[in-house]
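Residue numbers (the working numbering), protein chains in the order written: chain A, 1 to 300; chain B, 1001 to 1340.
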């Protein structure tokens, strides 16, 4: 599907199949990719994390109001924001496990709390970021932009992570919670780690976003909640847990981003973007449901 | 026409004969063609006029019921003459106590259990469904809380959950009742299922080593003769018997020497059953301590050294030697006995 979209895009515009275009598209997709990485881990566990919306908003407003001009201070706050993301996620995991609550509802609540906190810190879009911070997006090495290198780093992380004890246990718990428990996988540990990682990636997404926008926004996070799930599902991840991987999610995120580019190139109303995204999501869900059914049929 | 496919497999031993009685009373009404599929040979014998034996998806034999004996049918099911279903039972128990329970209980379903499981012993557990055996196994594995004292290999131990239960040389491993939903990840590979409990055995600096993992997996597949095309075959696509072998393999990869087997042969083919019984006796001879519940009393009588009978959430009696018979087990499980 990505190939088809790329083909269509390529015929409509010059210079699509160049490194410049890769750099540009990756920069456009990277915030979503980072947010969707966390979401992918949660979906593999069989959960969902809506609170990433609040975390992204909170991350951008904290960056835009606290970084100041001193590089040391900015780095300290950046680390702090990532830590906050991981902590809030860990709290989600604790609530879900100990109180046996639905992930959907717990993270809906923490999303709301985080969004409100972001509003208190910075009621409207604004603030500023150090000039050096915003140069991140323009940095490049060997012709590849910092965003592409970030993507490569992310893929390396994934190929490491999925072979760790934690990665295997998360997927096992998503496949069958009871069997995983009886096999000695600790549900509390898994949930805390899963949602902490999701919060951490949401914080990274927020930091990346500020290098692109140069401002904080207390409402921008909600634009990433459902697209992060959509990117994962388009990439073949099952909402029932256990099935799929990050590569699929990244392709899904590129597809969603390319739709935006296409709508722009075709010079149609920008309202077409969510419509086309929705149609593609439907096709993906249908394909995934067929795959699920045939997989189930093969299990005697 | 009526097709009954393993219609009685979920019923406990006390319901043996329930189908035969129904048929004796004239159900279903005369003139109905009945196809009765069952792994309970006795049942088939009582009910059927003719018996057809399938193996690997093909008809291997067909008989009129009165013309054929059980041995022949079992041989047809196996594709070979099976000497016996049950292995030799040389007593291998030592004096060393692996699990000592005193005043052990769980919830409202189990109370006042005093029981010793010894090294090298297969200790059977019998009881009518719902008389505490499930709770005994779960509580020992750290699910659902427990009362009373537990000593493992002579040391007091509180088992707080499966993860802790499985860990270490003083660990306990469980074959759960529901093979498909509690024992396996059906949509994951044989390899992943086998090694899920022992990931740390092949992890170096946070990363799993596929070669070390493959070695463990290949050895276990060979040792238990698990019939899988490759270790990457999905567990859900294996036959029931091979699925159960995967669960045994997973358990044997841990260091645990105390095995809790909850109805491990339910719904699996006769050939694999025989292999599992042999494996249990071999493990006992190696010094494993095995707690073994079965819904088939004959298995307890022929495989276990002693049988603890539960009734009404308490330990009714422990039978051994001559007393370890289906008749005595049923008596103890159903009838109030006075202490001698």
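No residue lacks a Cβ here, since even glycine has one placed at the ideal position from N, Cα and C.
Query raised in the report: In this structure, does DSSP put residue 1124 of chain B in helix, strand or coil?
Result: strand
Query raised in the report: Taking DSSP as the reference, what is the three-state secondary structure of residue 126 of chain A?
Result: strand
Query raised in the report: To which residues of the same chain is residue 185 of chain A closer than 7 Å at the C-beta, ignoring the five residues directly before and after it?
Result: 169, 172 and 173
Query raised in the report: By DSSP, does residue 1198 of chain B sit in helix, in strand, or in coil?
Result: helix
**Report entry** Inter-stretch contact at 8 Å, needing at least 3 Cβ pairs: the stretch 153 to 161 of chain A / the stretch 93 to 100 of chain A
**Finding:** no
Query raised in the report: Given that residue 1348 of chain B touches chain A, what residues does it touch there, using C-beta distances under 9 Å?
Result: A question about residue 1348 of chain B goes unanswered here, because the residues of chain B that appear run from 1001 up to 1340.
Query raised in the report: residue 1006 of chain B and residue 1039 of chain B: beta carbons closer than 8 Å?
Result: yes
Requested in this report: Scan the stretch 148 to 174 of chain A for residues whose Cβ lies nearer than 7 Å to a Cβ of chain B and list them as they occur along the chain.
Outcome: 160, 163, 164, 165, 168 and 172
Query - Neighbourhood of residue 1183 of chain B by C-beta distance below 6 Å, restricted to the same chain and skipping five residues each side - result: 1176 and 1247
**Report entry** Beta-carbon contacts of residue 1304 of chain B that lie in its chain and below 8 Å, excluding the five residues immediately before and after
**Finding:** 1122, 1123, 1124, 1292 and 1324
Query raised in the report: From the DSSP output, which residues share a beta bridge with residue 1306 of chain B?
Result: B:1123 and B:1320
Query - Exposure label - residue 111 of chain A; buried when at least 16 CB within 10 Å - result: buried
Report task. Determine the chain B residues that contact residue 295 of chain A at a beta-carbon separation under 9 Å, and present them in chain order. Result -> 1187, 1234 and 1236
Query raised in the report: Nearest chain B C-beta to residue 178 of chain A closer than 8 Å, yes or no?
Result: yes
**Report entry** Beta-bridge pairing of residue 1149 of chain B - partner residues as DSSP gives them
**Finding:** B:1102
Query raised in the report: With DSSP run on the structure shown, which of helix, strand or coil describes residue 303 of chain A?
Result: Nothing about residue 303 of chain A can be reported from this structure: the residues present for chain A run from 1 to 300 only.
Report task. Determine the chain B residues that contact residue 242 of chain A at a beta-carbon separation under 7 Å, and present them in chain order. Result -> 1187
Query raised in the report: Grouping DSSP H, G and I as helix and E and B as strand, with all else coil, what is residue 91 of chain A?
Result: helix
**Report entry** Segments of 4+ residues assigned as alpha helix (DSSP H) that fall wholly inside the stretch 190 to 249 of chain A
**Finding:** 222 to 234
Requested in this report: Can you have a look at residue 1338 of chain B and say buried or exposed, based on whether 16 or more other CB atoms are within 10 angstroms of its CB?
Outcome: Low confidence applies to residue 1338 of chain B: its pLDDT is 46, below 50, so where it sits in the model is not reliable, and the reading given next is rough at best. Classification for residue 1338 of chain B: exposed.
**Report entry** Buried versus exposed call for residue 218 of chain A [16 or more other C-beta atoms within 10 Å across all chains shown]
**Finding:** buried
Report task. Verify the CB distance criterion: does residue 1206 of chain B have a CB-CB separation below 8 Å to chain A? Result -> yes
Requested in this report: With distances taken Cα to Cα, identify the nearest neighbour of residue 1057 of chain B among B:1042, B:1174, B:1077 and B:1329.
Outcome: B:1077
Query - Delimiting residues of the beta strand (DSSP E) encompassing residue 1258 of chain B - result: 1258 to 1262
Requested in this report: Compile a chain-ordered list of the residues in the stretch 1209 to 1221 of chain B whose CB is closer than 7 Å to at least one CB of chain A.
Outcome: none
Query raised in the report: Does the beta carbon of residue 1271 of chain B sit closer than 8 Å to a beta carbon anywhere in chain D?
Result: In the structure shown, chain D cannot be found, because the protein chains are A and B.
Requested in this report: Tell me, please, whether the CB atom of residue 1181 of chain B is closer than 8 Å to any CB atom in chain A?
Outcome: yes
Requested in this report: Go to residue 1266 of chain B, then tell me how far its beta strand (DSSP E) extends in each direction, as first and last residue.
Outcome: Element bounds for residue 1266 of chain B: n/a, residue is neither H nor E.
Query raised in the report: residue 22 of chain A to residue 141 of chain A, Cα distance in whole Å?
Result: 14 Å
Query raised in the report: When you compare only the Cα positions, how much space is there between residue 1045 of chain B and residue 1020 of chain B?
Result: 9 Å
Report task. Report the option in B:1043, B:1065 and B:1042 whose CA atom is closest to the CA atom of residue 1052 of chain B. Result -> B:1065
**Report entry** Boundaries of the beta strand (DSSP E) in which residue 161 of chain A is found, first to last residue
**Finding:** Element bounds for residue 161 of chain A: not the beta strand (DSSP E) but the alpha helix (DSSP H), 146 to 161.
Query raised in the report: Nearest CA to the CA of residue 1267 of chain B: which residue from B:1281, B:1242 and B:1250?
Result: B:1242
Requested in this report: Kindly indicate which three-state DSSP category residue 1029 of chain B falls into: helix, strand or coil?
Outcome: coil
**Report entry** Within-8 Å CB hit, residue 1033 of chain B to chain A
**Finding:** no
**Report entry** Option in A:209, A:3, A:192 and A:74 with minimal Cα separation from residue 27 of chain A
**Finding:** A:209
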